[in-house]
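Asker: This is the structure, below, for whatever I ask next.
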Amino acid sequence: MNRFVAVLAAASALFATAAIAQNYPTRPVTIIVPFAAGGPTDIIARIVGEYFSKALGQQFIVENTAGAGGTTGITRGAQAKPDGYTIMMGHMGTHGAAPALYPNLKYDPTKDFEPIGLVAGTPILIVARKDFPAADLKAFVARLKDPSAKVKQAHAGVGSVSFTSCTLLSSQVGAKSIVAAYRGTGPALNDLVGGQVDYMCDQIVNLVEQVKGGNVKAYAIATAQRSPALPDVPTTKEAGLPEYQVSAWNALFAPKGTPKEIVAKLNETLVKALDDEATRKRLLDLGSVIPDKAGRSPQALAELVKSEVARWTPILKAYGAAGQ
Amino acid sequence: MPDLIGNLGLGFATALTPMNLALCFLGCLVGTLIGVLPGVGPIATIAMLLPLTFKVEPTGALIMLAGIYYGAQYGGSTTAILINVPGEATAVVTCLDGHAMARKGQAGIALGIAALGSFFAGTVATLVIAAIGAPLTRLALLFGPAEYFGLMVLGLGLAIVLARGSVLKAIIMVLSGLLLSTVGTDLETGQERLTLGIADLSDGIDFAVLAMGVFGIAEILRNLENPEARAVVRGAIGRLLPSAADLRKAFGPIVRATGLGSVLGILPGNGAVLAPFASYTLEKKLARDPSRFGKGAIEGVAGPEAANNAGAQTAFIPLLTLGIPPNAVMALMVGAMTIHGVIPGPQVMTKSPTLFWGMVASMWIGNLMLLVINLPLIGLWVRLLKVPYRLMFTIILLFCCIGIYSINNNPWDVYFTAFFGLAGYLLIKFGLEPAPMLLGFVLGRLMEEKLRQALALSEGSFMTFVQRPVSAALLMIAAAIIVIAVLPAVRRGREEAFRE
Numbered sequence: 002m003n004r005f006v007a008v009l010a011a012a013s014a015l016f017a018t019a020a021i022a023q024n025y026p027t028r029p030v031t032i033i034v035p036f037a038a039g040g041p042t043d044i045i046a047r048i049v050g051e052y053f054s055k056a057l058g059q060q061f062i063v064e065n066t067a068g069a070g071g072t073t074g075i076t077r078g079a080q081a082k083p084d085g086y087t088i089m090m091g092h093m094g095t096h097g098a099a100p101a102l103y104p105n106l107k108y109d110p111t112k113d114f115e116p117i118g119l120v121a122g123t124p125i126l127i128v129a130r131k132d133f134p135a136a137d138l139k140a141f142v143a144r145l146k147d148p149s150a151k152v153k154q155a156h157a158g159v160g161s162v163s164f165t166s167c168t169l170l171s172s173q174v175g176a177k178s179i180v181a182a183y184r185g186t187g188p189a190l191n192d193l194v195g196g197q198v199d200y201m202c203d204q205i206v207n208l209v210e211q212v213k214g215g216n217v218k219a220y221a222i223a224t225a226q227r228s229p230a231l232p233d234v235p236t237t238k239e240a241g242l243p244e245y246q247v248s249a250w251n252a253l254f255a256p257k258g259t260p261k262e263i264v265a266k267l268n269e270t271l272v273k274a275l276d277d278e279a280t281r282k283r284l285l286d287l288g289s290v291i292p293d294k295a296g297r298s299p300q301a302l303a304e305l306v307k308s309e310v311a312r313w314t315p316i317l318k319a320y321g322a323a324g325q
Numbered sequence: 025m026p027d028l029i030g031n032l033g034l035g036f037a038t039a040l041t042p043m044n045l046a047l048c049f050l051g052c053l054v055g056t057l058i059g060v061l062p063g064v065g066p067i068a069t070i071a072m073l074l075p076l077t078f079k080v081e082p083t084g085a086l087i088m089l090a091g092i093y094y095g096a097q098y099g100g101s102t103t104a105i106l107i108n109v110p111g112e113a114t115a116v117v118t119c120l121d122g123h124a125m126a127r128k129g130q131a132g133i134a135l136g137i138a139a140l141g142s143f144f145a146g147t148v149a150t151l152v153i154a155a156i157g158a159p160l161t162r163l164a165l166l167f168g169p170a171e172y173f174g175l176m177v178l179g180l181g182l183a184i185v186l187a188r189g190s191v192l193k194a195i196i197m198v199l200s201g202l203l204l205s206t207v208g209t210d211l212e213t214g215q216e217r218l219t220l221g222i223a224d225l226s227d228g229i230d231f232a233v234l235a236m237g238v239f240g241i242a243e244i245l246r247n248l249e250n251p252e253a254r255a256v257v258r259g260a261i262g263r264l265l266p267s268a269a270d271l272r273k274a275f276g277p278i279v280r281a282t283g284l285g286s287v288l289g290i291l292p293g294n295g296a297v298l299a300p301f302a303s304y305t306l307e308k309k310l311a312r313d314p315s316r317f318g319k320g321a322i323e324g325v326a327g328p329e330a331a332n333n334a335g336a337q338t339a340f341i342p343l344l345t346l347g348i349p350p351n352a353v354m355a356l357m358v359g360a361m362t363i364h365g366v367i368p369g370p371q372v373m374t375k376s377p378t379l380f381w382g383m384v385a386s387m388w389i390g391n392l393m394l395l396v397i398n399l400p401l402i403g404l405w406v407r408l409l410k411v412p413y414r415l416m417f418t419i420i421l422l423f424c425c426i427g428i429y430s431i432n433n434n435p436w437d438v439y440f441t442a443f444f445g446l447a448g449y450l451l452i453k454f455g456l457e458p459a460p461m462l463l464g465f466v467l468g469r470l471m472e473e474k475l476r477q478a479l480a481l482s483e484g485s486f487m488t489f490v491q492r493p494v495s496a497a498l499l500m501i502a503a504a505i506i507v508i509a510v511l512p513a514v515r516r517g518r519e520e521a522f523r524e
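For the protein sequence lines, the chains are H and D, in the order given. Each residue of the first sequence is one higher than the one before, starting from 2 at the first, in the working numbering. Each residue of the second sequence is one higher than the one before, starting from 25 at the first, in the working numbering.
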């Protein structure tokens, strides 16, 4: 008898979760974007959110909770009720670089989340002021290594993508640059166009029009393939710096403990969104790289987070030690 | 010149289609209404309303967003005048004389002159954008970190002149503002400074939090301690619109402020924030009786409001001609354009001329619409002041909390606002003015950033500020302003000492 009750209970519990997943979502879902509205991550979240709203019949609302390099929003997301009604857009900074940059981080990128899937990668571009005296990436790197050249680098603040990606470049080639910190990409880019600084690294979406307009020149793109948005810019591999591979990826996460069925449903929707013609085109127009089928699974994202944390920690810790 | 007319013709042809006209009106209206809520400035308004524009084609969407932007700016000065809550940095100055006018029963005149001054400034600024936007951008690019630093020091000089009472107290307040601006994460090292271990301070103090606390909440506390003064307007509400005499008095300030605002707005890195402060200082210096300022001088509303609007408008220049946003609101506009598939860059003008000129034309139309929307609303706003204060202050507090919370969706911001409200009340009790502190706070961040950038790029040599002619000139003007401001006080002090 007891066994019968237990089986019944288990069955009904199973049925209940299955039913929850089947009906999910029955009310609007919040996507926490840990950056200000209008930034690259926010734009990607809004494009994908629009598809989710249509496909699942409930509004997916973007909530911008900016602060501390994105960790404020992700901390809130990690602590949210794991019922599938709060998910978040994590990125290379919040789920890769953050543990090295924020010693008091209240979450563990590898343990406190249910990965849903990778949404899009944003390639990193190395750009210099338009009259910088180096014809190609090799000549540029040679100048970076020369302390007497006093090459000036701009970045958008510690913890920003432009900071982490350029720090990686500096540590790989042994650059001896002078570094100036700005508050955000806009002011940094402004001084690059004005010729006050020599170079910076940043996401392609922020730079593509400046490169096309001839205000800055691009030396290389740090991905395996050239970008259709800038077909004339060589990859780092072609230009002779194959080890410099970096992309500001954006991915959806749910808080730890979110029912597996709901995560699966969200992943399934994401996979469809990335095959949807209109959504795809809008992401590609931004210069984003859309992951292939294998790269869209929760397991692939879990692996990516693990490898990114392992990669950034030593590089950024070394910078901190040098900076103090 | 024929080019300009042809281009503007294209712009008006685009902006005057019924659809775009309707979107422009909708944007201005919604922006005004939401901007009137205390604490909800243009950034929060645009961010909230961004999804509304998804279904519209890009030009129309941008026209609407631009409308929301000016509308919210207008709304911000309405709250500054009526209830002493500046919606954003540029409305701080409007509080000084605008609210004083409201207390004298001249709220209608203050609101009217703000609307008219803004319209005039907006018209001129639109022409500036259309005629010489592109060449001006190239000039603005010559401004490097050292030049900005000089400009910010000049701004601090203005803050001292801005003060009504003692120069010493003004300097104390400017320095406290600078100190508050250093709270948060260090830009270069990523270390936390003065955050007391509170994680929610790691990005520093938000301007709206500080401003709403020391102005809005403190004002409510002060009103509540004194039962007789509870009504914002004690006497009868006078005229609703400015008279011809008012207009004559305000005309000079408006023209001068439009020039100042247009120039400062073009500078990337948010030079526009200085415009109202600069205009106020200028008018106070030019006035025959400077003591009227701070007690409801109409010039103190007309000038800063015109400067603010001219600056807000010309701040579009770096965005439209270079594709680089000069401040947070414009960064949001970039995002909005990107979402609509137009990635802003140096080629927008040549690649999508209908978008570019359509937006320029819609700016003027938007300003006209704002005038049309706002003049009739003045009667309504002024009547709101007659609502019994016990109802009024609870509603103001409620909306302040909502507005503050909506900036970052962070409850801590509301607690901080309450804290600064108490602090602001103490400041009033000690006779210290919050306006110079807010200017110090706004400029402090930029100033530190630019100082450190300039020093990093010059490898630590302070000579960079003197060697670069523009920065050297700005620093000299700043020194002159401070000497002029301090000398009379010193002389007076010595005379008093001799008398004793």
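Built from N, CA and C at the ideal position, the CB exists for glycine as well. Since we're looking at a predicted model, the values are computed, not measured.
Alpha helix (DSSP H) containing H:Ala79: first to last residue?
Answerer: Thr72 to Ala79
Asker: To the nearest angstrom, how far is the alpha carbon of D:Lys474 from that of D:Tyr172?
Answerer: If you draw a straight line from the Cα of D:Lys474 to the Cα of D:Tyr172, it is about 6 Å long.
Asker: Work out the CA separation of H:Ile127 and D:Leu481 for me, nearest whole Å.
Answerer: 20 Å
Asker: Distance, Cα to Cα, D:Arg254 vs H:Gln154?
Answerer: The predicted model places D:Arg254 with a pLDDT of 49, which falls under 50 and marks its position as unreliable; any figure quoted below should be read in that light. Whole-angstrom Cα-Cα distance: 57 Å.
Asker: How many Å lie between D:Ser495 and D:Leu470 at the Cα?
Answerer: 15 Å
Asker: In chain order, what residues of the segment 354 to 385 of chain D put their CB closer than 7 Å to some CB of chain H?
Answerer: Ala355, Leu356, Val358, Gly359, Ala360, Thr362, Ile363, Gly365, Ile367, Pro368, Gly369, Pro370 and Gln371
Asker: At a CB-CB cut-off below 7 Å, which residues of chain D make contact with H:Lys177?
Answerer: Within chain D, no residue comes near H:Lys177; the closest Cβ sits about 12 Å away, beyond 7 Å.
Asker: Considering only their Cβ atoms, is the gap separating D:Ile241 from D:Ala442 smaller than 8 Å?
Answerer: yes
Asker: Thinking C-beta only, is H:Ala249 closer than 8 Å to H:Thr237?
Answerer: no
Asker: Using a Cβ distance threshold of 8 Å, determine whether the segment 140 to 150 of chain D contacts the segment 114 to 127 of chain D, with at least three qualifying pairs required.
Answerer: Inter-segment contact for the segment 140 to 150 of chain D and the segment 114 to 127 of chain D is absent: fewer than three beta-carbon pairs are separated by less than 8 Å.
Asker: Would you say D:Glu524 reaches chain H, if we count a Cβ-Cβ gap shorter than 8 Å as a contact?
Answerer: Note on D:Glu524: pLDDT 46, under 50, position unreliable in the model; the coordinate value appears next. Chain H contact via Cβ: absent.
Asker: Rank H:Asp286, H:Ala311, H:Lys273 and H:Lys307 by C-alpha distance to the C-alpha of H:Asp293 and give the top, closest one.
Answerer: H:Lys273
Asker: Does any CB atom of chain H fall closer than 8 Å to the CB of D:Met487?
Answerer: no
Asker: Using a beta-carbon distance below 8 Å, is D:Ile420 in contact with chain H?
Answerer: Interface residue (Cβ-Cβ distance to chain H less than 8 Å): D:Ile420 is not classified as such.
Asker: Count Cβ pairs between the segment 410 to 430 of chain D and the segment 56 to 73 of chain D that sit closer than 8 Å; are there 3 or more?
Answerer: Judged by Cβ distances under 8 Å, the segment 410 to 430 of chain D makes contact with the segment 56 to 73 of chain D, as three or more pairs qualify.
Asker: So with Cβ pairs under 8 Å, would you call H:Ile205 a contact of chain D?
Answerer: no
Asker: In whole angstroms, what is the alpha-carbon distance linking D:Gly30 and D:Thr378?
Answerer: 12 Å
Asker: On a CA-only basis, which of H:Val174, H:His156, H:Val120 and H:Pro235 is nearest H:Ser289? Give me that one, please.
Answerer: H:Val120
Asker: Around the C-beta of H:Lys282, are 16 or more other C-beta atoms found within 10 angstroms, so that it is buried, or is it exposed?
Answerer: exposed
Asker: What are the boundary residues of the beta strand (DSSP E) that H:Thr248 is part of?
Answerer: Here the sequence assigns Ser to residue 248 of chain H, which means Thr is not the residue at that position. Run containing H:Ser248: Ser248 to Pro256, per the beta strand (DSSP E) assignment.
Asker: Count the other CB atoms within 10 Å of the CB of D:Arg127; is the residue buried (16 or more) or exposed (fewer)?
Answerer: buried
Asker: Using 8 Å as the threshold, is the C-beta distance between D:Val198 and D:Gly228 below it?
Answerer: If you check the CB distance, D:Val198 and D:Gly228 do not come in under 8 Å.
Asker: Alpha carbon to alpha carbon, how far is D:Leu284 from D:Ile278? Give it in angstroms, no decimals.
Answerer: Roughly 10 Å between the two C-alpha positions.
Asker: May I ask you to verify whether the segment 45 to 59 of chain D touches the segment 85 to 100 of chain D, counting CB pairs closer than 8 Å and requiring at least 3?
Answerer: Taking 8 Å as the limit for Cβ pairs, the verdict is that the segment 85 to 100 of chain D does touch the segment 45 to 59 of chain D.
Asker: Check the C-beta distance from D:Pro66 over to D:Glu112 and give it rounded, since I have them as a contact under 8 Å.
Answerer: 7 Å
Asker: What residue range does the alpha helix (DSSP H) around D:Arg469 cover?
Answerer: Pro458 to Leu481
Asker: DSSP state of D:Ala321, grouped into three classes?
Answerer: coil
Asker: Report the option in D:Leu28, D:Thr103, D:Met43 and D:Asn108 whose CA atom is closest to the CA atom of D:Gly445.
Answerer: D:Asn108
Asker: Any beta carbon from chain H within less than 8 Å of D:Thr345's own beta carbon?
Answerer: no
Asker: Thinking H:Ala182 and D:Leu211 are a contact (beta carbons under 8 Å), I'd like their distance in whole angstroms, please.
Answerer: 4 Å
Asker: Am I right that D:Ser226 and H:Ala69 are in contact with their C-beta atoms under 8 Å? What's the rounded C-beta distance?
Answerer: Yes, D:Ser226 and H:Ala69 are in contact; Cβ-Cβ is about 5 Å, under 8 Å.
Asker: Does any C-beta atom of chain H lie closer than 8 Å to the C-beta of D:Leu32?
Answerer: no
Asker: Assign D:Val353 to one of three DSSP states: helix, strand, or coil.
Answerer: helix
Asker: Considering only residues of the same chain and omitting the five flanking positions on each side of H:Ile62, which have a CB-CB separation below 8 Å?
Answerer: Same-chain partners within the cutoff: Pro29, Val30, Thr31, Ile32 and Gly50.
Asker: What is the rounded straight-line gap between the Cα of D:Leu178 and the Cα of D:Leu32?
Answerer: When rounded, the separation of the alpha-carbon atoms in D:Leu178 and D:Leu32 is 36 Å.
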